[in-house]
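There are 2 protein chains.
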Amino acid sequence: MALFIEHGYDAVTVADIAKQAGLTKRSFFNHFADKREVMFAAADAFEARVLDALGRADPELEPLDAAVWAYSKAAEPLGDYPDLARARGALIESSAELQERNLMKMASMTAKVAELLGARGASPREAAFVSQAATTIFTTAVDDWVQQPEHGLDAAIRNALSEFRSALGAAV
Amino acid sequence: MALFIEHGYDAVTVADIAKQAGLTKRSFFNHFADKREVMFAAADAFEARVLDALGRADPELEPLDAAVWAYSKAAEPLGDYPDLARARGALIESSAELQERNLMKMASMTAKVAELLGARGASPREAAFVSQAATTIFTTAVDDWVQQPEHGLDAAIRNALSEFRSALGAAV
DNA sequence: GGTGTGATTGCATCAGGTGCAATAAGAACG
DNA sequence: CGTTCTTATTGCACCTGATGCAATCACACC
Numbered sequence: 023m024a025l026f027i028e029h030g031y032d033a034v035t036v037a038d039i040a041k042q043a044g045l046t047k048r049s050f051f052n053h054f055a056d057k058r059e060v061m062f063a064a065a066d067a068f069e070a071r072v073l074d075a076l077g078r079a080d081p082e083l084e085p086l087d088a089a090v091w092a093y094s095k096a097a098e099p100l101g102d103y104p105d106l107a108r109a110r111g112a113l114i115e116s117s118a119e120l121q122e123r124n125l126m127k128m129a130s131m132t133a134k135v136a137e138l139l140g141a142r143g144a145s146p147r148e149a150a151f152v153s154q155a156a157t158t159i160f161t162t163a164v165d166d167w168v169q170q171p172e173h174g175l176d177a178a179i180r181n182a183l184s185e186f187r188s189a190l191g192a193a194v
Numbered sequence: 023m024a025l026f027i028e029h030g031y032d033a034v035t036v037a038d039i040a041k042q043a044g045l046t047k048r049s050f051f052n053h054f055a056d057k058r059e060v061m062f063a064a065a066d067a068f069e070a071r072v073l074d075a076l077g078r079a080d081p082e083l084e085p086l087d088a089a090v091w092a093y094s095k096a097a098e099p100l101g102d103y104p105d106l107a108r109a110r111g112a113l114i115e116s117s118a119e120l121q122e123r124n125l126m127k128m129a130s131m132t133a134k135v136a137e138l139l140g141a142r143g144a145s146p147r148e149a150a151f152v153s154q155a156a157t158t159i160f161t162t163a164v165d166d167w168v169q170q171p172e173h174g175l176d177a178a179i180r181n182a183l184s185e186f187r188s189a190l191g192a193a194v
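Take a look at the structure:
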């Protein structure tokens, strides 16, 4: 990430990354499926925490509340490093292929969350809609928080959820 | 698309495509930014129709209804060719890089729709949430329709919108 | 000290993608 | 009809990402 930030994502080659890590290009591809993946190792861990939290969520909670709670819980370790999140976000925004990969990761996580919501009793359709809503709420909250970290990520999530409810409340 | 369907996306090279079209690899890249884009020429045209329709939508409609109406209107020309949509969908699903590109296109269109909803008077936040909802509803409807085309795409959209409302109604 | 296992590497190879300069193909014009 | 201007096509050199395979290195374990 340091290399990417300094020179830009496109300007850094896989050989550069490998050299920085004291390895060869070939070894890089033993650890990461492609150049993009190196930016998403943390995201994979985050997904695991989300799914874990959702599995432990209060069964009484409505699907949307449960999903948002899981995101909130999983995001707790990130809350102390807004600068890191901002740098990562800027990097992703700077490269189309990173944006694509990011969307893919989010979509994949959304699908898995939906599956767990289904296991909690929601219909597949409801689970899919609610999970998509939770993803939207979470990414919106992160964007807000990254720009104004002072109130904390948790508050940003609660705020985004509330705004989502009032935005969709009129229409639904 | 015929080549992709016959041999699979990965197995077909850009040189193959160019040869089939009576051109060279270099000329292919004069027409398409990359190999993936060749699958999304129609999608770009669809986006244009969505934005155009939304511009003409009844100003009295609530944001979500306006957006969904625009998708419905823009999708009319597709309604007669469910087989084509199914083949295209299967192809995209078969390739991770096509999925990524598809998500990117949808995200980009979602952002543009949100902008137009903003121009209709919605707040940026409401516009973003509603536009994301409309995208979810539309893609869900297309999936449904592709599997059971007999009731028509328009009915599938209306149905998905209704299901969205009832799924989010309890939570919102 | 020997052995087995996994990580690392070198190498060859391929496909996607780009910049640049040359050239072919026409359309427009006198 | 011939010229000119524009645009599409091409060839070529070159780079990066990515993969398969075989060799080898490091090292924990017995």
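First to last, the sequence lines map onto chains A and L. First residue of the first sequence? That's 23 in my numbering, and the numbers climb one at a time after it. First residue of the second sequence? That's 23 in my numbering, and the numbers climb one at a time after it. Even glycine gets a Cβ: it sits at the ideal position worked out from N, Cα and C.
Problem - Proximity test, Cβ basis, 8 Å: aspartate 163/A and chain L - result: Residue 163/A is actually alanine in this sequence, not aspartate. Not one chain L Cβ lies under 8 Å of alanine 163/A.
Problem - Rounded Cβ spacing between tyrosine 93/A and phenylalanine 160/A (contact assumed at less than 8 Å) - result: 4 Å
Exercise for the section: Taking C-beta pairs closer than 8 Å, name the residues in chain A that leucine 125/L reaches, listed in chain order. Expected result: Glu122, Leu125, Met126, Ala129
Problem - chain A within 8 Å of glutamine 169/L, Cβ atoms only - result: no
Handout entry: Rounded distance between the beta-carbons of alanine 163/A and alanine 189/A, thought under 8 Å
Key = Actually they are not in contact, since the Cβ atoms of alanine 189/A and alanine 163/A sit about 14 Å apart, beyond 8 Å.
Handout entry: Per-residue burial, proline 146/A [other beta carbons within 10 Å of its own, 16 or more giving buried]
Key = exposed
Problem - Nearest neighbour of valine 135/A, chosen from Val90/A, His29/A, Phe186/A [CA to CA] - result: Val90/A
Problem - Pairwise C-alpha distance: glutamate 84/A and proline 99/A - result: 25 Å
Exercise for the section: Can you give me the start and stop residues for the alpha helix (DSSP H) that glutamine 154/L sits inside? Expected result: 146–169
Exercise for the section: Kindly list, in the order they appear in chain L, the residues whose Cβ is closer than 8 Å to that of glutamate 28/A. Expected result: The contacting residues do not exist; glutamate 28/A stays about 26 Å from chain L at best.
Exercise for the section: Return the chain-ordered list of same chain residues with a C-beta closer than 8 Å to the C-beta of leucine 113/A, the five sequence neighbours on each side being excluded. Expected result: Met23, Phe26, Ile27, Tyr31, Met61, Leu120
Problem - For serine 130/L, the nearest candidate out of Val36/L, Phe68/L, His53/L (CA to CA) - result: Phe68/L
Problem - DSSP three-state assignment for alanine 193/L, whether helix, strand or coil - result: Unreliable placement is indicated for alanine 193/L, whose pLDDT of 48 sits below 50; no coordinate value is reported for it.
Problem - Residue-level contact to chain L via CB, valine 36/A, 8 Å cutoff - result: no
Handout entry: Separation of aspartate 74/L from proline 81/L, as counted between CA atoms
Key = 14 Å
Problem - Of the listed residues Lys57/A, Arg48/A, Thr132/A, Leu175/A, nearest to arginine 108/A (C-alpha basis) - result: Leu175/A
Problem - Cβ distance (whole Å) where leucine 195/A is taken to contact glutamate 122/L below 8 Å - result: Outside the displayed range of chain A (23 to 194) lies residue 195/A, so it cannot be described from this structure.
Exercise for the section: Tell me whether methionine 23/A sits in a helix, a strand or coil according to DSSP, three-state version. Expected result: coil
Problem - Among His29/L, Pro171/L, Ala37/L, Phe186/L, nearest to leucine 106/L - alpha-carbon criterion - result: Pro171/L
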